[in-house]
Amino acid sequence: MCCLVFVDEKERKKGGTHITDLSLSAIAMLIFGAVVCYGGVMYFLYRALRKKHK
Amino acid sequence: MGLGNVWRFPYIAYSNGGGAFLIPYFVALFTAGIPMLILEFSVGHWSRQGAPESFRKIGKKWEWVGWWSALVPFAIVTYYIVIMAWCFSYLIYSIDLRWGMNAESFFLTDFLNITNSPLHIGGIQIPVLLSLLVLWFLVFIILYKGVGRIGKVVMITVPLPWILLAILTIRGVTLPGAIEGISYYLTPNFSKLSDLNVWLAAYAQVFFSVGIAQGIMITYASHLKKKSDISNNAFIIALADSGTSFLAGFAVFSIIGYLAMSQGVSIEHLGIAGPQLAFITYPTAISLFPIATTVFGIFFYLALLTFGIDSAFSMIEPMTTGIRHKWGFTKQKATAIICLLGFIASLLFTTGSGLYWLDIVDYFISNFGLVLVGLVECLVLAWGFRISVFRENANKTSDILIGHWWDVLIKYVVPSILTVLLLAAVYENILRPYIQPWSVLILGGILPCATICAASFLLMKKKEKKEEPT
Numbered sequence: 000m001c002c003l004v005f006v007d008e009k010e011r012k013k014g015g016t017h018i019t020d021l022s023l024s025a026i027a028m029l030i031f032g033a034v035v036c037y038g039g040v041m042y043f044l045y046r047a048l049r050k051k052h053k
Numbered sequence: 000m001g002l003g004n005v006w007r008f009p010y011i012a013y014s015n016g017g018g019a020f021l022i023p024y025f026v027a028l029f030t031a032g033i034p035m036l037i038l039e040f041s042v043g044h045w046s047r048q049g050a051p052e053s054f055r056k057i058g059k060k061w062e063w064v065g066w067w068s069a070l071v072p073f074a075i076v077t078y079y080i081v082i083m084a085w086c087f088s089y090l091i092y093s094i095d096l097r098w099g100m101n102a103e104s105f106f107l108t109d110f111l112n113i114t115n116s117p118l119h120i121g122g123i124q125i126p127v128l129l130s131l132l133v134l135w136f137l138v139f140i141i142l143y144k145g146v147g148r149i150g151k152v153v154m155i156t157v158p159l160p161w162i163l164l165a166i167l168t169i170r171g172v173t174l175p176g177a178i179e180g181i182s183y184y185l186t187p188n189f190s191k192l193s194d195l196n197v198w199l200a201a202y203a204q205v206f207f208s209v210g211i212a213q214g215i216m217i218t219y220a221s222h223l224k225k226k227s228d229i230s231n232n233a234f235i236i237a238l239a240d241s242g243t244s245f246l247a248g249f250a251v252f253s254i255i256g257y258l259a260m261s262q263g264v265s266i267e268h269l270g271i272a273g274p275q276l277a278f279i280t281y282p283t284a285i286s287l288f289p290i291a292t293t294v295f296g297i298f299f300y301l302a303l304l305t306f307g308i309d310s311a312f313s314m315i316e317p318m319t320t321g322i323r324h325k326w327g328f329t330k331q332k333a334t335a336i337i338c339l340l341g342f343i344a345s346l347l348f349t350t351g352s353g354l355y356w357l358d359i360v361d362y363f364i365s366n367f368g369l370v371l372v373g374l375v376e377c378l379v380l381a382w383g384f385r386i387s388v389f390r391e392n393a394n395k396t397s398d399i400l401i402g403h404w405w406d407v408l409i410k411y412v413v414p415s416i417l418t419v420l421l422l423a424a425v426y427e428n429i430l431r432p433y434i435q436p437w438s439v440l441i442l443g444g445i446l447p448c449a450t451i452c453a454a455s456f457l458l459m460k461k462k463e464k465k466e467e468p469t
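So the protein lines, in turn, are chains E and H.
Residue 13 in numbering that gives the first Met the number 0 sits at position 14 of the first sequence, with consecutive numbering throughout.
Residue 462 in numbering that gives the first Met the number 0 sits at position 463 of the second sequence, with consecutive numbering throughout.
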């Protein structure tokens with residue numbers, strides 16, 4: 000998700016916001032949610048594919 | 000995946016501690032969601048039957064539990080499809096942004112013609128009725144041929160809303176002010192974790208969104224191939240569902256942040272609860288988009304519709320499978336009966352007071368109905384039968400072998416958690432009722448739950464037809 004949370008440079012120069020404007024606790028929750036959900040899906044998909052090709 | 004991810008998760012998360020809600024949510028997912036998903040998959044895979052027949056196979060006296068778990072999603076679909084009907088209407092309205100600059104007035108007055116109280120029913124709203132007719136007919140057409148046709152439809156309706164959601168998220172997070180909304184969504188309020196209602200909301204959300212305790216997974220698992228990997232499928236499905244909810248939060252809150260910035264108001268002043276989010280806040284934001292307003296309006300409502308349609312199939316399927324097997328009806332006849340009954344029940348939500356009833360019924364069915372079915376399911380399968388049968392059945396085909404810890408979870412942990420949460424919620428409702436007056440609470444909350452319970456016993460008592468379904 001981190002890579003999606005961006006505002007382009009023009010916007011940033013105009014005073015737009017950036018991922019780093021999130022509080023540390025919010026960033027921690029973002030990483031926590033992303034790792035559990037997407038990391039979990041990738042891991043179990045990998046196991047399923049490995050089993051299929053055995 | 001369904002409206003539960005896009006419609007329900009963001010506001011439930013927001014109103015229950017923002018980022019901190021992810022903690023009870025994942026606890027609920029791992030302590031009840033995934034273990035129960037494995038259980039339901041294993042039950043369906045083992046019995047090769049729908050929910051009522053599966054429980055009947057476990058013990059004749061438990062058939063009512065199967066009917067109960069099939070009736071709850073049927074009750075949910077009666078209002079769920081009305082939300083889809085609103086989406087369908089709004090999909091058409093997106094072409095000319097019919098709501099103009101006052102989406103609230105358009106939605107409540109022009110579109111719903113809302114009454115001033117749930118007890119003042121009001122007339123049926125024709126645009127909602129027409130959309131409802133179209134959707135019930137569409138659901139019937141897709142379902143009456145059976146699971147095979149659903150398989151073909153979901154080839155489109157599963158990836159399409161995900162692609163649309165990804166587009167909406169990318170657009171949302173690149174809008175000015177988006178980070179404020181995301182910060183609102185993610186910043187944890189840990190003080191909320193001491194509130195038992197937050198934990199109940201987390202368990203209810205997991206049950207609602209993953210589709211547990213609704214007979215759905217038992218029915219679908221009955222069609223699985225003998226060699227299908229039960230545990231791995233359960234992990235992938237539950238985590239993919241959570242991932243969709245998590246992503247939807249970004250799509251929703253980034254737009255809310257943008258809207259708050261555009262209007263110069265704080266996010267607290269913008270409504271994000273259920274209907275307000277999709278039909279007031281989001282349309283307002285769409286109208287303010289610098290470019291391609293119509294396209295994004297269409298994308299958003301098309302995403303909601305396609306998310307919703309899959310859930311609608313799955314919520315109807317347990318009942319049609321149940322009555323088909325019990326009375327030997329053809330698939331067409333069973334689907335026609337269920338769709339017709341569903342359509343009649345949906346009519347209440349198309350009236351001027353429909354929005355009130357939808358909110359009340361959703362609260363009680365999700366928080367009490369689903370959680371209670373989950374509790375009873377666990378008790379019956381773990382204590383009224385041998386839970387090890389289902390563990391061994393799952394392990395026979397699974398890559399990840401389940402240990403005895405799973406028996407402990409289903410036998411002790413899940414029932415204990417659900418009992419505490421239910422008692423706390425009942426106590427809370429006695430002290431501070433969800434809705435006043437009491438007559439509305441009884442009609443919209445207690446009566447539907449009691450009717451479902453009574454109907455499940457009646458359906459069990461009804462004599463079955465001997466011939467095999469065709």
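Where is the CB? At the ideal position from N, CA and C, for every residue including glycine.
- Neighbour-count burial assignment, His324 of chain H, 16 or more Cβ in a 10 Å radius: buried
- Closest by C-alpha distance to Leu340 of chain H, when choosing among H:Lys462, H:Met318 and H:Leu354: H:Met318
- Query: Quick one: what's got a C-beta closer than 7 Å to Ile451 of chain H's C-beta in the same chain, skipping five residues either side?
  - Reply: Trp67, Leu70, Val71, Ala74 and Gly368
- Message: For Val412 of chain H and Gln213 of chain H, what's the separation of their Cα atoms in angstroms?
- Response: 20 Å
- Message: Does Met35 of chain H pass the burial test, meaning 16 or more other C-beta atoms within 10 Å, or should it be called exposed?
- Response: buried
- Reference Leu192 of chain H, options H:Lys395, H:Ile434, H:Leu417 and H:Phe20, closest by Cα: H:Phe20
- Query: Does any CB atom of chain H fall closer than 8 Å to the CB of Leu48 of chain E?
  - Reply: no
- Of all the CB atoms in chain E, is at least one closer than 8 Å to the CB of Ser182 of chain H? yes
- Task: For Asp482 of chain H, count neighbouring C-beta atoms within 10 Å of its own C-beta (all shown protein chains included) and say buried if the count is 16 or more, exposed if not.
- Result: The question about residue 482 of chain H has no answer, for chain H in this structure spans 0 to 469.
- Is Thr350 of chain H helix, strand or coil by DSSP? strand
- Message: If I follow the unbroken alpha helix (DSSP H) through Asn231 of chain H, where does it start and stop?
- Response: Ile229 to Gln262
- Message: For the region 325 to 351 of chain H, list every residue whose C-beta sits within 8 Å of some C-beta in chain E, in sequence order.
- Response: none
- Task: Quick one: grab the DSSP three-state call for Pro282 of chain H.
- Result: helix
- Query: Pairing CB atoms from the region 25 to 35 of chain H with CB atoms from the region 273 to 284 of chain H, are three or more of them under 8 Å?
  - Reply: no
- Task: With 8 Å as the threshold, decide whether the Cβ of Asp34 of chain E is near any Cβ in chain H.
- Result: Reading off the sequence, residue 34 of chain E comes out as Val, not Asp. False, the Cβ-Cβ gap to chain H never drops below 8 Å.
- Task: Mind listing the chain E neighbours of Gly242 of chain H? Cutoff is C-beta to C-beta under 7 Å, in chain order.
- Result: Cys36, Tyr37 and Val40
- How about Thr218 of chain H and Gly49 of chain H: are their beta carbons less than 8 Å apart? yes
- What is the rounded straight-line gap between the Cα of Thr396 of chain H and the Cα of Ala201 of chain H? 31 Å
- Task: Work out the CA separation of Leu420 of chain H and Asn366 of chain H for me, nearest whole Å.
- Result: 10 Å
- Classification of Trp135 of chain H by the beta-carbon crowding that lies within 10 angstroms, buried from 16 upward: buried
- Query: Taking Cβ positions only, does Thr186 of chain H come closer than 8 Å to chain E?
  - Reply: yes
- Evaluate Ser182 of chain H with the Cβ neighbour count: other Cβ atoms within 10 Å of its Cβ, from every protein chain shown; 16 or more gives buried, anything less gives exposed. buried
- Message: Taking 7 Å as the cut-off, is the beta-carbon of Cys338 of chain H closer than that to any non-hydrogen atom of the ligand NAP?
- Response: Here there are no bound small molecules, and the ligand NAP is not part of this structure.
- Query: Below 8 Å, can you find three or more Cβ-Cβ pairs linking the region 174 to 190 of chain H to the region 401 to 418 of chain H?
  - Reply: no
- Task: Decide yes or no for the touch test of the region 240 to 256 of chain H against the region 158 to 168 of chain H: beta carbon pairs closer than 8 Å, at least 3 of them.
- Result: yes
- How many angstroms separate the CA atom of Gly307 of chain H from the CA atom of Lys53 of chain E? 37 Å
- Query: Buried or exposed: which applies to Glu391 of chain H, given that a residue is buried once 16 or more other Cβ atoms fall within 10 Å of its Cβ?
  - Reply: exposed
- Query: Can you list, in chain order, the residues of its chain whose CB lies under 7 Å from that of Tyr233 of chain H, leaving out five sequence neighbours each side?
  - Reply: Correcting the residue identity first, residue 233 of chain H is Ala in this sequence and not Tyr. The residues are Ile33, Leu36, Ile37 and Phe40.
- Outcome for Tyr184 of chain H when other beta-carbon atoms lying within 10 angstroms are tallied against a minimum of 16: buried
- His324 of chain H: first and last residue of the uninterrupted alpha helix (DSSP H) it sits in: Thr292 to Trp326
- Item | Beta-carbon separation (whole angstroms), Tyr78 of chain H vs Gln204 of chain H, contact threshold 8 Å | That pair is no contact at about 17 Å.
- Message: Does Phe342 of chain H pass the burial test, meaning 16 or more other C-beta atoms within 10 Å, or should it be called exposed?
- Response: buried
- Message: Any beta carbon from chain E within less than 8 Å of Asn231 of chain H's own beta carbon?
- Response: yes
- Cβ-based burial, Ser313 of chain H [other Cβ within 10 Å; buried from 16]: buried
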